[in-house]
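**Q** Residue numbers (our numbering), protein chains in the order written: chain A, 23 to 466; chain B, 23 to 466. The C-beta atom is built at its ideal place from N, Cα and C for all residues, glycine as well. As the structure is a computational prediction, the values presented were derived from the model and not from experiment. So that we are looking at the same thing, I have put the structure below in structure tokens.
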């Protein structure tokens with residue numbers, strides 16, 4: 023069955039309320055696909071399906087649902103015994119994500135009844151966007167005194183309950199990490215070899231407080247499937263796996279693109295109308311202020327426009343092209359900061375590069391516009407003013423597009439907050455000032 | 023040593039030209055860190071370091087270098103015997119990436135001498151952005167007739183040369199995939215169990231022609247560490263691992279953000295000035311045309327501006343706010359298309375949502391501006407014109423920001439080409455037309 027046929031088929035099953043067939047149908051699907059189908063159902067249907075599905079499938083599907091669909095809230099409406107069953111089947115990090123959505127009282131109520139509630143509670147205490155907030159405590163740890171054979175027996179014991187562990191952590195009696203070893207190397211080694219002869223230093227470790235973006239950077243830099251997380255006493259307390267990192271990268275990308283366009287990062291891409299209005303209106307109102315500033319420059323030069331009314335037609339060209347060039351420089355610089363590991367000195371050189379780009383592109387665009395102006399208006403001086411305004415504004419635009427994010431980064435502020443809206447406001451201001459100021463000085 | 027101290031320390035070692043110390047220093051680092059250091063050296067230094075490093079470290083570091091630094095070209099300047107050694111150590115996909123950078127003649131020359139050249143040649147024949155272009159042919163495949171114990175022996179044989187294999191593919195005599203099994207499950211199983219009792223259907227497979235973005239989507243959707251790649255005859259020919267997918271996601275994100283800001287996706291984020299000018303100037307020149315169109319509306323209404331010159335100051339506010347609201351709607355919609363699996367019907371509903379957002383935000387902003395206009399100019403009719411223009415332009419902006427990318431997607435065009443520049447051009451045009459048209463009809 024094609025993915026788009028699944029929904030209608032499910033609807034026909036739901037109408038018949040045939041528990042057996044619904045169960046059987048879902049059992050043939052991956053939890054991620056079940057989650058997609060659940061997202062298209064109404065709340066009563068979701069609750070009914072979750073109550074009849076095999077527990078493992080129900081809990082994994084719940085974990086795969088989009089955050090925007092608030093899967094955690096379903097836990098408050100299901101039968102408490104069923105909630106216990108579902109939470110017991112979940113990986114601890116998935117359980118923490120679901121329960122973390124609830125209000126404090128509901129959290130306490132769910133956590134007090136479920137098995138392992140204390141451990142989930144501990145995970146909930148780490149801030150959401152840190153290694154602690156995304157890690158799982160389920161990992162394979164083998165004592166450093168073991169041989170490879172003993173380690174394999176230990177792994178067989180520990181791994182029975184675990185989906186994928188990727189690497190095996192070797193710890194001493196204080197819980198400090200002595201190294202990692204892959205199952206592959208253990209299987210290939212002689213059973214009698216001490217495990218410490220097979221361990222390697224992991225290429226990177228992170229601490230519980232590490233920002234999730236940095237966790238992703240370390241894991242992706244060293245091509246690790248999972249990365250260990252240590253507490254302030256350097257004891258191994260969890261691990262983050264590549265699939266969490268892929269989710270983080272997706273979320274951070276969305277955040278960067280939305281911020282770039284001045285949309286609050288609280289807006290869910292799949293969110294509703296009300297949320298969209300709430301998240302965007304404050305930015306637009308703030309921008310009304312900066313736009314008024316640009317408008318006041320025009321207001322100030324009213325007499326100039328009154329004398330040469332065609333300037334009103336040139337104004338948006340100068341301002342708009344500046345906005346576009348500034349947005350280009352901003353996008354490249356913000357992205358460069360996000361992906362390239364560079365020193366601050368190297369970064370500042372980017373500003374120089376962008377100014378040169380602005381100088382060249384501004385000269386070309388200014389030249390084209392001057393020729394057009396000369397052709398239309400027949401006045402060389404008019405062409406010169408237009409060219410100088412365009413040239414100047416492109417230099418301002420390129421400088422601002424590169425300088426602002428690098429400056430913010432050097433202050434420790436996320437450079438992605440340098441949204442294109444504010445660069446555009448600046449290039450409007452500069453463009454009007456250059457064009458009208460030069461015109462009033464040279465043409466009147 | 024902190025990462026930023028590595029460069030200066032290496033420079034001091036290079037000045038002394040002490041082979042032993044340079045080797046020893048690099049041997050303590052991860053290939054990704056060596057790659058970073060190599061990127062800061064000049065070509066002669068790079069070649070010298072690559073010739074003295076242990077072969078495995080040299081080849082892995084070469085594979086980790088940024089594409090923008092053209093590591094492949096180093097292969098054409100190294101001693102041919104050394105090239106053979108380095109390529110022999112590389113994973114086949116990394117070798118194909120490096121050799122793929124070279125011109126056809128150099129490719130043929132390198133491939134004719136190195137071991138396994140034919141296999142690298144085969145990988146090079148797949149388009150770069152497909153599963154075939156990013157996959158490796160190195161994988162563990164076990165005959166479906168084996169027991170778990172026999173399979174483990176087979177894996178020990180095949181895995182000696184391989185870094186990480188994540189899953190074990192089980193194939194029949196025609197090379198068709200019968201299922202996958204994890205090393206973990208094999209180790210836990212009784213040695214005498216037929217392997218077919220332990221295999222599972224993989225949650226997804228891709229074909230050699232699958233676009234790399236879809237490969238990433240499948241792997242991330244089903245949390246797979248590696249995904250099998252099949253040829254048109256459904257034979258297993260390779261696999262793509264999560265680390266390749268993370269690289270793809272990063273590259274695609276950069277592409278989306280740059281396109282959003284109308285920067286050609288050929289521009290490398292870390293590229294030089296000349297490349298930046300070449301990649302951005304064509305977009306700016308194209309936009310000069312759209313800006314001229316908006317300017318012509320102003321030109322057409324010259325008499326209106328001549329009569330009420332303060333309109334020139336209001337123009338950029340109406341146009342600018344429309345541009346910002348359009349950019350917001352565009353960013354959210356483009357990102358929604360990128361991350362959410364939705365039917366086209368669901369997508370079209372997004373246009374409706376955005377129009378409502380525009381209606382509400384436009385009314386609020388128009389209201390604020392009308393009150394300011396009333397206060398400053400004291401004319402109710404003037405306030406009404408300003409309000410209606412703002413309101414109308416925000417509706418146009420929201421509609422365009424959502425409609426354009428969804429329309430492009432429905433035509434099979436990448437919605438990310440709907441750059442903010444063109445939405446801004448449209449809102450300039452609509453803003454000027456609404457403001458000046460209404461003013462000329464109602465105020466003159």
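Can you give me the C-alpha to C-alpha distance between residue 258/B and residue 214/B, rounded to a whole angstrom?
**A** About 26 Å.
**Q** Taking a contact to mean a Cβ-Cβ separation below 9 Å, would you say residue 202/A touches residue 268/B in this structure?
**A** In this structure, residue 268/B does not lie closer than 9 Å to residue 202/A by Cβ.
**Q** List the residues of chain B whose Cβ lies closer than 9 Å to the Cβ of residue 52/A, in chain order.
**A** Those within 9 Å of residue 52/A in chain B are 225, 226, 243, 244.
**Q** Counting only beta-carbon separations shorter than 9 Å, does residue 386/B have a partner in chain A?
**A** Closer than 9 Å to some Cβ of chain A, the Cβ of residue 386/B qualifies, so yes.
**Q** Can you list the residues of chain B that residue 114/A reaches, using a CB-CB cut of under 9 Å?
**A** Result: empty, since nearest Cβ-Cβ is about 16 Å, beyond 9 Å.
**Q** Output, in chain order, the set of chain B residues within a Cβ distance shorter than 8 Å of residue 127/A.
**A** Within chain B, no residue comes near residue 127/A; the closest Cβ sits about 32 Å away, beyond 8 Å.
**Q** Using a Cβ-Cβ cut-off of 8 Å (strictly less than) and excluding sequence neighbours within five positions of residue 403/B, which residues of its own chain qualify?
**A** So the qualifying residues of the chain are 464, 465.
**Q** Could you check whether the Cβ of residue 58/A sits closer than 9 Å to any Cβ belonging to chain B?
**A** At least one chain B Cβ lies under 9 Å of residue 58/A.
**Q** Could you say if the region 286–306 of chain A and the region 179–192 of chain A meet the contact criterion of at least three C-beta pairs nearer than 8 Å?
**A** With a cut-off of 8 Å, the region 179–192 of chain A and the region 286–306 of chain A do not count as touching, because too few Cβ pairs lie within range.
**Q** In whole angstroms, what is the alpha-carbon distance linking residue 105/B and residue 144/B?
**A** The alpha-carbon atoms of residue 105/B and residue 144/B are separated by roughly 19 Å.
**Q** Could you name the residues of the same chain whose beta carbon sits closer than 8 Å to that of residue 96/B, not counting the 5 residues immediately before and after it, in chain order?
**A** For residue 96/B, where only same-chain residues beyond five positions count, the Cβ hits under 8 Å are 65, 68, 69, 72, 84.
**Q** Smallest Cα separation from residue 181/A: which of 368/A, 163/A, 169/A?
**A** The option with the nearest alpha carbon to residue 181/A is 163/A.
**Q** When you compare the CB of residue 305/A with every CB in chain B, is at least one pair closer than 9 Å?
**A** For residue 305/A, the answer is yes, since a Cβ of chain B falls inside 9 Å of its Cβ.
**Q** So which of 342/B, 225/B, 229/B has the shortest CA-CA distance to residue 247/B?
**A** Measuring from the Cα of residue 247/B, the nearest candidate turns out to be 225/B.
**Q** What would DSSP say about residue 191/B, mapped onto helix, strand or coil?
**A** Residue 191/B: strand per DSSP, three-state reduction.
**Q** Could you please give me the residues that DSSP links to residue 304/A through a beta bridge?
**A** Partner(s): none; residue 304/A has no beta bridge.
**Q** Looking at the structure shown, is residue 330/B part of a helix, part of a strand, or coil, going by DSSP?
**A** Reduced to three states, the DSSP call for residue 330/B is coil.
**Q** Identify the continuous alpha helix (DSSP H) that holds residue 77/B and give its terminal residues.
**A** Residue 77/B -> alpha helix (DSSP H) spans 77–86.
**Q** So with Cβ pairs under 9 Å, would you call residue 321/A a contact of chain B?
**A** At least one chain B Cβ lies under 9 Å of residue 321/A.
**Q** Rounding to the nearest angstrom, what Cα-Cα distance links residue 441/A and residue 45/A in this structure?
**A** Computed Cα separation, rounded: 48 Å.
**Q** Near residue 125/A, which residues of its chain fall below 6 Å by C-beta distance, leaving aside the five closest residues on each side in sequence?
**A** Cβ neighbours of residue 125/A beyond the five flanking positions: none.
**Q** Please classify residue 356/B: is it buried, with 16 or more other beta-carbons within 10 angstroms of its beta-carbon, or exposed?
**A** It is buried - the Cβ of residue 356/B has at least 16 other Cβ atoms within 10 Å.
**Q** Going along the chain, which residues of the region 62–78 of chain A sit with their C-beta nearer than 8 Å to a C-beta in chain B?
**A** Listed in sequence order: no entries.
**Q** Could you tell me which residues DSSP pairs with residue 158/A in its beta bridges?
**A** In the DSSP output, where bridge partners are listed per residue, residue 158/A has 261/A.
**Q** How many angstroms separate the CA atom of residue 306/A from the CA atom of residue 387/B?
**A** In a straight line, the C-alpha of residue 306/A is about 8 Å away from that of residue 387/B.
**Q** Is the Cβ of residue 369/A closer than 9 Å to any Cβ of chain B?
**A** False, the Cβ-Cβ gap to chain B never drops below 9 Å.
**Q** Cα separation between residue 449/B and residue 354/B?
**A** Between residue 449/B and residue 354/B, the C-alpha separation is close to 17 Å.
**Q** When the cut-off is 9 Å and only beta carbons count, does residue 404/B lie next to chain A?
**A** Not closer than 9 Å to any Cβ of chain A, the Cβ of residue 404/B fails to qualify, so no.
**Q** Using a cut-off of 7 Å between C-beta atoms, extract the partners of residue 156/B located in chain A.
**A** The premise fails here: residue 156/B is roughly 14 Å from chain A at the closest Cβ pair, so nothing lies under 7 Å.
**Q** Would residue 338/B pass as an interface residue toward chain A - the criterion being a Cβ-Cβ separation below 9 Å?
**A** So, interface residue.
**Q** Of the residues 218/B, 39/B, 459/B, 32/B, which one's Cα is nearest the Cα of residue 191/B?
**A** Selected option, being the one with the closest Cα: 218/B.
**Q** To be precise: take each residue of the region 408–436 of chain B, compare its Cβ to all Cβ atoms of chain A, and keep it if any distance is under 8 Å. Which residues remain?
**A** So nothing in the stretch comes that close.
**Q** Could you check where the beta strand (DSSP E) with residue 201/B kicks off and where it finishes?
**A** Element bounds for residue 201/B: 199–204.
**Q** For chain A, is any of its Cβ atoms less than 9 Å away from the one on residue 310/B?
**A** It does; some Cβ of chain A falls within 9 Å.
**Q** Taking only the alpha-carbon atoms, compute the straight-line gap between residue 26/B and residue 365/A and give it to the nearest angstrom.
**A** Their Cα atoms are separated by approximately 7 Å.
**Q** What distance in whole Å lies between the Cβ atoms of residue 351/B and residue 447/B, which are believed to be in contact at a cut-off of 8 Å?
**A** Not quite, the Cβ-Cβ distance comes to about 15 Å (not below 8 Å), so this is no contact.
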